[in-house]
Amino acid sequence: GNSVTQMEGPVTLSEEAFLTINCTYTATGYPSLFWYVQYPGEGLQLLLKATKADDKGSNKGFEATYRKETTSFHLEKGSVQVSDSAVYFCALSDTHKLSFGAGTTVTVRA
Amino acid sequence: NAGVTQTPKFRILKIGQSMTLQCTQDMNHNYMYWYRQDPGMGLKLIYYSVGAGITDKGEVPNGYNVSRSTTEDFPLRLELAAPSQTSVYFCASSSRGEGDTEAFFGQGTRLTVV
């Protein structure tokens, strides 16, 4: 079946540091890939997405590229802010169901 | 737009009690989902529905029931609450456009069973 594996957290960074969160997936077919973000006390919201190989999703300074050859969708941001502190989930969509990774907690310190 | 609305936001149940978590969406989405999120864990799919009248089990369906009589509503029923069901529950909905399936989430229901 489909599955998503994310790097374990928590991750603690200083402001303006570079952030990478690794995500790899296992799927049949050609899934769409997503990064969702959950700010404290809130539900999940879509951060970015990519629907086919080599697509790059981007939003709010975050980027991720759909790499079919390595089955990966790593999230990156060049310079994080305190407001980026949240839990980040990698996810894939194939047929009827969404499959989420375990989530990575990111804390950015001023 | 209201999006996905869940009620209640918080609830404390005693062991053995029952309750229904309500979920409504106003985006005319066919697909709806119920997840639970335990501390430090990811989201686990409880049940999902691909349209009115159709439901199916996810990863962790035991102890729960759902129904989908309308496109808008997807309530989750706990019949005999157990401490293991203490969790945060999220409802989500999505449309199925060409595999580009963004899910929209409600704010969550924090349930404690004591």
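Which chain is which? The protein sequence lines are L and W, in order.
Just so you know, we're using the working numbering here: the first sequence kicks off at 8 and counts up by one.
Just so you know, we're using the working numbering here: the second sequence kicks off at 15 and counts up by one.
Even glycine gets a Cβ: it sits at the ideal position worked out from N, Cα and C.
When the Cα atoms are used, F88 of chain W and E23 of chain L turn out to be separated by approximately 42 Å. Within chain L, the residues K104, L105 have their CB atoms less than 9 Å from the CB of Y47 of chain W, given in chain order. Excluding the 5 residues flanking it on each side, G122 of chain W has same chain C-beta neighbours closer than 6 Å at V102, F104, in chain order. Identification of chain L residues near F24 of chain W by a Cβ-Cβ cut-off of 9 Å yields none; the smallest Cβ-Cβ distance measures about 11 Å. Interface annotation for the stretch 42-72 of chain W against chain L: Y45, Y47, Y49, Q51, G54, M55, G56, L57, K58, L59, Y62, V64, D70, G72, criterion Cβ-Cβ distance under 9 Å. L:N9 is the residue among L:W42, L:N9, L:G48, L:L40 whose C-alpha sits nearest the C-alpha of T33 of chain L. Membership of T100 of chain W in any beta strand (DSSP E) is not indicated, and neither H nor E is assigned to it by DSSP.
Beta-bridge partners assigned by DSSP to G65 of chain W: W:I68. If you draw a straight line from the Cα of V18 of chain L to the Cα of T111 of chain L, it comes to about 7 Å. By a beta-carbon distance limit of 8 Å, G50 of chain L contacts G120 of chain W. Their separation comes to about 6 Å. Take V11 of chain L, set aside five residues on each side of it, and the residues of its chain with a beta-carbon closer than 7 Å to its own are C30, Y32, C97, A98, L99, S106, F107, G108, in chain order. Judged by beta-carbon spacing, Y45 of chain W lies beyond the 9 Å limit of I60 of chain W, meaning their Cβ atoms are not closer than that value.
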